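Whatever position you read off the sequence shown (first residue = 1), add 245 for this note's numbering. Backbone N, C-alpha and C define an ideal beta-carbon position, used for all residues, glycine too. Here the structure is a predicted model, which is why all the values come from computation and not from measurement. Right, one structure below, let's go through it.
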Amino acid sequence: MENSGKKQRFIKIDEVIAVTTLSETQIYRKMKAGEFPKNISIGANSKVWLESEIQDWITEKINQDRN
């Protein structure tokens, strides 16, 4: 396993919705279009995202809007 020295944290869809203010439908549409980080399957019915990837996406959106 690779460890970049960064602490990684999994977050579920409810937290992704809370921090991005996107709906679940918008998140999955953006994922399908390649415009949002992909989720990770950690079990039969359990999908999560890396918190760092979501934070990077938010930062990218802020930078796009301000430049």
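If you run the structure through DSSP and keep just helix, strand and coil, what is residue 292?
strand
Which residue wins for smallest C-alpha separation from residue 292, given the options 257, 251, 253, 252?
257
Selected residue, minimal CA-CA separation from residue 265, among 300, 308, 309
300
Check each candidate in 310, 290, 268, 302 and name the one with the smallest Cα separation from residue 283.
302
Less than 8 Å between the beta carbons of residue 255 and residue 287, yes or no?
yes
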